[in-house]
Amino acid sequence: MNKGMPSKVSLVKAVDGQMEPENQSDNWCRHFGTKTKGRLVLNAHEVEYLNGNNESNCCIMTKAYFFIKSNCCNLLLDLNGDFMLYKKHKNFNRKKDKPMCSMKFVGSDDAARDAIGCIGGILSKESLGFCVLSESQFTFLKVTKMECLDMKTPLKLKK
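Residue numbers for the sequence shown follow my numbering, beginning at 2 and rising by one.
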């Protein structure tokens, strides 16, 4: 856990069933949750992470979330329900910092189909990240937009 975060977070259940921190003015809150209508709402993965639950008992998506958080990144939902991946730093501000990429969680069987289905979204974005989940493992892929794709491959890249 980060320095300055409480060992256990006091949460209250929001009207829609999601969880909110009791004291939303705490500094650590900026690295978690989704702000809607002036309130900070946490998803299940964030609640497990904040309460220090044992990672070995979690689902694979929560394990992937723990991995992202322990590698100096913030994974936050935007207002459209898409995960955005940010570099975590001392002065993080969700309004001013630009995300590294959008992140989608996909099953290993559906990864190629989901990636192809997102091609339209990639055309308007610089890059898109995928977290491919199986029953016991996860891996990350980053798909980057290319300006021009043609057959003029440099000789040094040919094998």
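Backbone N, C-alpha and C define an ideal beta-carbon position, used for all residues, glycine too.
Check: For S109, three-class secondary structure by DSSP; Outcome: coil
Check: Assigned secondary structure, E23 (DSSP; H/G/I helix, E/B strand, else coil); Outcome: coil
Check: Beta carbon of M85 nearer than 9 angstroms to that of M62; Outcome: no
Check: Simplified DSSP assignment, three categories, for C73; Outcome: coil
Check: DSSP state of M104 mapped onto helix, strand, coil; Outcome: strand
Check: Where E47 falls, given that 16 or more other Cβ within 10 Å makes a residue buried; Outcome: buried
Check: Euclidean distance between Cα positions of L124 and K64; Outcome: The predicted model places L124 with a pLDDT of 48, which falls under 50 and marks its position as unreliable, so this point remains unresolved.
Check: Collapsed DSSP secondary structure at R95 in the structure displayed; Outcome: coil
Check: Helix, strand or coil at F139 [DSSP, three-state]; Outcome: strand
Check: Candidates L80, N94, S57, M101: closest to H32 by CA position; Outcome: N94
Check: Spatially closest choice to K91 from C30, Q19, L156, by CA coordinates; Outcome: C30
Check: Helix, strand or coil at K157 [DSSP, three-state]; Outcome: helix
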